Amino acid sequence: MKNNAIVFLLIAITLLTSSTPIPTSDFKVKTVIIDPGHGGKDPGTQGKFTKEKDLVLDVSLKVGGYIEEYLPDVKVIYTRTTDNFITLKGRPKIANDNNGDVFISIHANALPADVSAERKNAIYGTETYVMGAQNTGRNLEVSKRENSVILLEEDYEKEYDFDPSSPESAILFSLTQSAFQYNSIKLATKIEDQFERRAGRRSLGVKQSSLYVLWSTAMPSVLVEIGFLTNPKEEKELNDPSIQGNIASGIFRAFRDYKNEIESLN
Ligand SMILES: [Zn+2]
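In terms of my numbering, the sequence shown is residues 2 to 267.
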């Protein structure tokens, strides 16, 4: 009953907002939300010597630094700038409360622990996710891992009406993010393109997954997996400050090109 009421409400909101003409005359990308994954008691995934929460904070601060330096008219809001814990719900709340125009969540990837060393050596590269309900294979693993922080939160059963495998959730996902899906894919494609052509990374492409932080942000949103901590070579590379700089400037250039393209449609 509760779920039905929420579905109804969201359908109503979606219909209302989609029938409102989009103001195109002076639209500017003014505020970007940068979301370093995990933090505090949630380390994220771990390599042999790297914690995801530390690595992604370093890269996120570099991305924000480039934006502040080269696009001074854009306001950069971080969901965290230190090693502190934020609830999964807290991240989109920061984004929505600050009227973000774009949400970029930065993470590092991993294969499950029981995967063979041979496979861990073979799988590396970047992936950028947009919201979607196509939870199969590895996309499902990523959504389970990146959503699992909910379990570290007290009262999570009360706080989250969220079950990525339920049909209601699938409907909600397609409704809430569909308005932003086109632009999310546009930005995600630019990021992966930058990684492949300019940053010297191997791009595994743009993918879809049911990720809570993408689902609940009211703006185009992407989640970038900058590489696999379960791949020994890539783990080492990701700790190299110059490679971190390449990755961060790739995300920056993709954001800049996205902003220019969106604003040129005015
Ligand atoms: Zn993560």
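Built from N, CA and C at the ideal position, the CB exists for glycine as well. If you're wondering where the values come from, they're calculated on a predicted model, not measured in any experiment.
Same chain, Cβ closer than 8 Å to residue i, neighbours up to 5 away in sequence not counted
| i | result |
| --- | --- |
| Gly251 | Ile192, Gln195, Phe196, Arg199, Ala200, Arg202 |
| Asp84 | Gly40, Gly41, Lys54, Asp55, Leu58 |
| Tyr71 | Phe253, Arg257 |
| Glu264 | Phe28, Lys29, Val30 |
| Asn247 | Arg199, Ala200, Gly201, Arg202 |
| Asn122 | Asn232, Pro233, Lys234 |
| Arg146 | Thr46, Ala111 |
N-terminal and C-terminal residue of the beta strand (DSSP E) that residue i is part of
| i | result |
| --- | --- |
| Leu224 | 222 to 229 |
| Gln209 | 204 to 210 |
Beta-carbon proximity list for residue i, same chain, < 6 Å, skipping 5 on both sides
| i | result |
| --- | --- |
| Lys260 | Val30 |
| Leu152 | none |
| Lys49 | none |
| Pro24 | For Pro24, the predicted model reports a pLDDT of 47, less than 50, meaning its position is unreliable; a value from the coordinates is still stated below. Excluding positions up to five away in sequence, the list is empty. |
| Val150 | Asp43, Leu89 |
| Ser222 | Phe104, Ser185, Leu215 |
| Leu266 | none |
| Glu235 | Tyr125, Gly228, Phe229 |
| Asn148 | Tyr213 |
Residue range of the unbroken alpha helix (DSSP H) whose run includes residue i
| i | result |
| --- | --- |
| Lys63 | 53 to 71 |
| Glu154 | Premise fails: Glu154 is in no alpha helix (DSSP H) and is neither H nor E. |
| Tyr213 | 213 to 216 |
| Tyr48 | One detail in the question is off: residue 48 reads as Gly in this sequence, not Tyr. Segment: none, Gly48 is in no alpha helix (DSSP H) and carries neither H nor E. |
| Phe86 | Looking at the DSSP string, Phe86 is not in any alpha helix (DSSP H), and its letter there is neither H nor E. |
| Tyr259 | 242 to 265 |
| Arg120 | 118 to 123 |
Beta-ladder partner(s) of residue i, from DSSP
| i | result |
| --- | --- |
| Lys76 | Thr32 |
| Glu235 | DSSP lists no partner for Glu235. |
| Asp43 | Gly40 |
| Ser106 | Asp36, Leu224 |
| Tyr130 | Lys208, Leu224 |
Sequence-distant residues of the same chain with beta carbon closer than 7 Å to residue i, five excluded per side
| i | result |
| --- | --- |
| Ile124 | Leu112, Phe229, Asn232 |
| Met2 | Only weak support exists for where Met2 lies, its pLDDT of 45 falling under 50; the coordinates are left without a value. |
| Phe86 | Gly40, Gly41, Lys42, Asp43 |
| Ala207 | Per the sequence shown, the amino acid found at residue 207 is Val instead of Ala. Answer for Val207: Thr129, Val131, Ile186, Ala189, Thr190, Glu193, listed in chain order. |
| Lys76 | Lys31, Thr32 |
| Ile244 | Glu238 |
| Asn99 | Thr32, Ile34, Ile78 |
Next on the checklist: I want to know whether the segment 212 to 220 touches the segment 111 to 119 - three or more CB-CB distances under 8 Å.
Outcome noted: no
Next on the checklist: Could you check whether the segment 90 to 107 touches the segment 35 to 49, counting it as contact only if at least three pairs of C-beta atoms, one from each stretch, sit closer than 8 Å?
Outcome noted: yes
Checklist entry - Okay, do the segment 59 to 71 and the segment 240 to 254 touch, 3+ Cβ pairs below 8 Å being the bar? => result yes
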